[in-house]
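Asks: My questions all concern the structure below.
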Amino acid sequence: MKRKLIIIFACYFSILLGEGSDKIMLKECPSTPNCVSSEAKDTKHYIKPISIDDKEGNVKEKLIKVIEKFQGKILEDKGNFLKVAFYSKFFGFEDIADFEIEPEKNVINIRSAAQTGWYDFGVNRKRMEKIREELK
2 MKRKLIIIFA CYFSILLGEG SDKIMLKECP STPNCVSSEA KDTKHYIKPI SIDDKEGNVK
62 EKLIKVIEKF QGKILEDKGN FLKVAFYSKF FGFEDIADFE IEPEKNVINI RSAAQTGWYD
122 FGVNRKRMEK IREELK
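In my numbering, the protein residues as written are 2 to 137.
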């Protein structure tokens, strides 16, 4: 009986945690104004996901080229998920951006946040909008 109960709980929790799913939930933005996310619930942090047309199946390659154009350093590459570091030109402040490609929904979910300071003067939002333009 104990074994069956353990198996039931294991199955239940793996469903709750999304095990086996390719969907990666982007981290929530902190309350500070130096973060944007396409999964944010509030307007202060919300940014539209990037619309894509993946008929050729090479959106990830295009995204990587754009990231390289913006001098981004890929920290993590897991299937349809990329974690990237960008650095400001003058002071070298680090921003971390997450890109989650969802080809079945024709979008790239995005999150970008400054790693230091309280305010980023809109740098993360501007960078994500420039990346959106480059991917058109």
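Glycine included, every Cβ here is placed at the ideal spot set by N, Cα and C.
(1) Name, in chain order, the residues that DSSP records as bridge partners for residue 97.
(2) Starting from the N-terminal side, write out each stretch of the alpha helix (DSSP H) that is 4 residues or longer and does not extend beyond the region 12-81.
(3) Tell me which residue opens and which closes the alpha helix (DSSP H) that residue 141 is part of.
(4) Using a 10 Å radius around the Cβ and a threshold of 16 neighbouring Cβ atoms, would you call residue 73 buried or exposed?
(5) Given that a residue counts as buried once 16 or more other Cβ atoms are within 10 Å of its Cβ, and exposed if not, what is residue 77?
(6) Is DSSP giving residue 137 helix, strand or coil here?
(7) Quick check: residue 85 and residue 102, are their CB atoms within less than 8 Å of each other?
(8) If contact is defined by three or more beta carbon pairs under 8 Å, each pair taking one atom from either stretch, is the region 107-123 in contact with the region 30-37?
Replies: Once the coordinates are examined:
(1) Sequence index remark: in the sequence shown, residue 97 carries index 96 (1-based). In the DSSP output, where bridge partners are listed per residue, residue 97 has 86, 114.
(2) 60-70
(3) Absent from the structure is residue 141, since the part of the chain shown begins at 2 and ends at 137.
(4) For this step, residue 73 is matched to residue 72 along the sequence shown. Buried is the call here.
(5) The sequence position of residue 77 within the sequence shown is 76, counting from 1. Looking at its Cβ environment, which holds fewer than 16 other Cβ atoms inside 10 Å, residue 77 is exposed.
(6) Taking the first residue of the sequence shown as 1, we reach residue 137 at position 136. In this structure, residue 137 counts as coil in the three-state DSSP scheme.
(7) By one-based count along the sequence shown, residue 85 stands at place 84. By one-based count along the sequence shown, residue 102 stands at place 101. No.
(8) yes
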